[in-house]
Amino acid sequence: MRLILERSGGFAGLRRVARLEGSTLDPAEERCLRDAAERAAVFALPRELRASEPRPDRFTYRLEIEDAGRETSVRFDEAAASEALLDLVDLVQDLADR
Amino acid sequence: MTPSDRRPLCCILPPHILQHLARHGDDEARTVALETLVATERLRGERHAIADGLRDVPAGVKRRTLYDAGHTQRLPGKLVRGENDPATDDGAVNQAFDGLGATYDFLAEVMKRNSIDDRGQRLDASVHYGRRYDNAFWNGRQMVFGDGDGKLFQGFTSWHELTHGVIDAEAALVYSGQSGALNESFADVLGILVKQWKLRQTSSEASWLIGEGLLAKGVKGVALRSMKAPGTAYDDARLGKDPQPATMKGYVQTEEDNGGVHINSGIPNHAFYLAAVKLGGYAWEKAGRIWYHALCNTLSRKSDFAGAAQATAMSAGVLFGASAESVVRSVWAEVGV
């Protein structure tokens, strides 16, 4: 499993990138990540998930994920993301920050 | 026909038509439109003079309500402090309460504006949003503050975010590309004016740093952005280097950040800084009023940098005459617009 999460925007306007490889995670973490991706239905998401209009100082993300032969890339606004997708974002950032 | 003969007819025209005439009309139409805009300003000034004479404080009453989102993303959360409640033992609540108050006071006293919507809008804010959420924003109805991740940021200020509400209520600049960078810049401009006004700093005394003191200890930087010297606020292994340009030569084309709105805002930010310094004194008295007038009268939703240069120059002329207009034109030229 391979995952890249890029974040831009926010009031600070900073760019943050998180990269995760299955080989560097322990099995439990990888399972957790896979479950979170399933709950967020990432492989069923459109390429772009935008809020009706961009809102000031909110984050915008680009997620690239490859797992078990499937791959996808999604650009989304924080304000347009489901709770499950935001949970995935939180988990990715927690794992990358370790 | 003298201008005064034409004025009664022009007063029937709504502001957006006057503005169009001022921008695109022939010389005669332009003169009449500008004179009417000036006359409207004078009338507005007279109304305020009368109103202020009737009571000792500006119109409008602060109505602040603070909520605790309890580390969830559900808003607003639990009510924890109302306008007439004393300070709580939650520093985040009290800091947000004070920040909302300072912004309200600045808008009321300096810009004669009654809260965000100029109609006494209540000021609601939620703190402790999300888990280690390193951001703060205005969601169209209220302020929302995260706690920061503790590593790079230590808390947030209200001023920039709250003034996004004012921008939404006025020019409503579309939040992408150049209009988005202008939106960001106006939020920085109004935010920095609140700070300088609170501290009674002249343009030459002020630091012109946005988010000064927000970076955690150990981070190599002084602030998030510099209006005086865009691109110099930070240079840190984890944050990266401040990417802001000061002039159009450094304009960044990107798909991220809605077209780099927080990056390219460096250019109009620098134009404002130059205008404030060249006009002298306290930035809110001339440059601030010019920019605020443009936001409320001469800018449109899709204005680009060139449009902002025109709009602020026009506003400078309306408020302070030809020499101020010429200063404003020159600073935009200096940043390459």
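Which chain is which? The protein sequence lines are A and B, in order.
The opening residue of the first sequence carries number 187 in this note's numbering; numbering runs sequentially from there.
The opening residue of the second sequence carries number 61 in this note's numbering; numbering runs sequentially from there.
Where a beta carbon is used, it is the ideal one built from N, C-alpha and C, also for glycine.
Chain A residues whose Cβ lies nearer than 7 Å to that of B/Q313: Per Cβ cutoff of 7 Å: no residues; B/Q313 is ~14 Å from chain A at best.
Pair within 9 Å by beta-carbon distance, A/R261 and A/E234: In this structure, A/R261 places its C-beta atom within 9 Å of the C-beta atom of A/E234.
Counted within 10 angstroms of its Cβ, other Cβ atoms place A/E224 as buried (16 or more) or exposed: Burial call: exposed.
Start-to-end residues for the alpha helix (DSSP H) that takes in B/N196: The residue asked about is misnamed: residue 196 of chain B is Ala in this sequence, not Asn. Premise fails: B/A196 lies in the beta strand (DSSP E), 196-198, not in any alpha helix (DSSP H).
Distance, B/V321 Cα to B/P305 Cα: For B/P305 and B/V321, the gap between their C-alpha atoms comes out near 12 Å.
Nonlocal neighbours in the same chain, by C-beta distance under 7 Å from B/N318, ignoring five residues either side: Sequence-distant Cβ neighbours of B/N318 in its own chain, meaning closer than 7 Å and more than five residues away, are Y235, S236, G240.
C-alpha gap between A/Q279 and A/A204, whole angstroms: Cα to Cα, the separation comes out at about 7 Å.
Secondary structure, alpha helix (DSSP H): runs of 4+ residues fully inside the stretch 195-262 of chain B: If you keep only unbroken alpha helix (DSSP H) runs of at least 4 residues inside the stretch 195-262 of chain B, you get 219-229, 237-259.
Below-9 Å beta-carbon distance, A/G195 vs any chain B residue: Taking Cβ atoms only, chain B reaches closer than 9 Å to A/G195, which makes this a yes.
Local conformation of A/R241 per DSSP, three classes: The DSSP-derived three-state label of A/R241 is coil.
Short CB-CB distance (under 9 Å) between B/L114 and chain A: In this predicted model, B/L114 has a pLDDT of only 36, less than 50, meaning its place in the structure is not dependable; the value taken from the coordinates is given anyway. No - not a single Cβ of chain A is within 9 Å of the one on B/L114.
Reduced DSSP category for B/S55 - H, G, I as helix; E, B as strand; rest coil: Any answer about residue 55 of chain B is impossible in this case: the structure gives chain B only from 61 up to 397.
Opening and closing residue of the alpha helix (DSSP H) in which B/K280 lies: Segment: none, B/K280 is in no alpha helix (DSSP H) and carries neither H nor E.
Below-9 Å beta-carbon distance, B/R191 vs any chain A residue: For B/R191, the nearest beta carbon of chain A is closer than 9 Å to its own beta carbon.
B/S186 versus B/R285: straight-line alpha-carbon distance, rounded: Rounded to the nearest angstrom, the two C-alpha atoms are 25 Å apart.
Chain-ordered chain B contacts of A/E239 [CB-CB under 8 Å]: The answer, in chain order, is V234, Y235.
Listed by chain order, chain B residues near A/G199 by CB distance under 7 Å: Around A/G199, the beta-carbon contacts reaching into chain B at under 7 Å are D317, H322, I323.
Nearest residue (CA-CA) to B/V254, options B/F380, B/D364, B/R349: When only C-alpha atoms are compared, the closest one is B/R349.
B/K362 in three-state terms, based on DSSP: Of the three classes helix, strand and coil, the one that applies to B/K362 here is coil, per DSSP.
Under 9 Å between C-beta atoms of B/V204 and B/L135: The Cβ atoms of B/V204 and B/L135 lie closer than 9 Å to each other.
Buried/exposed call for B/F166, threshold 16 Cβ in 10 Å: Within 10 angstroms of the beta-carbon of B/F166 lie 16 or more other beta-carbons, which makes it buried.
B/N324 to B/I270 span [Cα, whole Å]: Distance between the alpha carbons of B/N324 and B/I270 is about 15 Å.
Secondary structure of A/D322, DSSP reduced to three states: Because chain A is modelled from 187 through 284, residue 322 of chain A falls outside the range shown and cannot be assessed.
B/G273 beta carbon less than 9 Å from that of B/G291: In terms of Cβ geometry, B/G291 and B/G273 do not form a close pair [threshold 9 Å].
Spatial distance of B/A155 from B/K258 (CA atoms): Contrary to the premise, residue 155 of chain B reads as Gln rather than Ala in this sequence. When the Cα atoms are used, B/Q155 and B/K258 turn out to be separated by approximately 15 Å.
A/E252 to B/C356 span [Cα, whole Å]: Cα to Cα, A/E252 sits roughly 48 Å from B/C356.
Residues within the stretch 241-258 of chain A neighbouring chain B, beta-carbon criterion of under 9 Å: With the criterion set as a beta carbon lying under 9 Å from some beta carbon of chain B, the members of the stretch 241-258 of chain A are R241, P242, D243, R244, F245, T246, R248, in sequence order.
Where the alpha helix (DSSP H) through B/E48 begins and ends: For chain B, the structure presents residues 61 to 397; residue 48 of chain B sits outside this window and is missing.
Sheet register partners of A/V260 (DSSP bridge): A/L249.
Pair within 9 Å by beta-carbon distance, A/E269 and A/F245: No, the pair does not count as a contact, with Cβ atoms beyond the cut-off.
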